[in-house]
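**Q**
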Amino acid sequence: MVARAATDRPVKITLPGPMTIIDSTANTFYDNNRELAADLAAALNAQILELVAAG
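Numbering (our numbering), first residue to last: 335 to 389.
Okay, here's the thing in structure tokens:
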């Protein structure tokens, strides 16, 4: 990972949350934003867990 090679300190990043993503995308699939937010949260959680596992 390029960022880890550039420093000996912990690498920190910011991630958008489900509501930020909803506010910047067009929902043409879900019946309501609550369902979309739940799926986005699950997808973000999976990605975050992979980042944590990668160190």
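Heads up, the beta-carbon is just placed ideally off N, CA and C, and yes, glycines get one too.
Quick one: grab the DSSP three-state call for ASP365.
**A** If DSSP states are grouped into helix, strand and coil, ASP365 belongs with coil.
**Q** I need the DSSP call for ALA360, collapsed to helix, strand or coil.
**A** coil
**Q** Quick one: is LEU374 buried, meaning 16 or more other Cβ sit within 10 Å of its Cβ, or exposed?
**A** buried
**Q** In this structure, how does DSSP classify VAL386 when only helix, strand and coil are distinguished?
**A** helix
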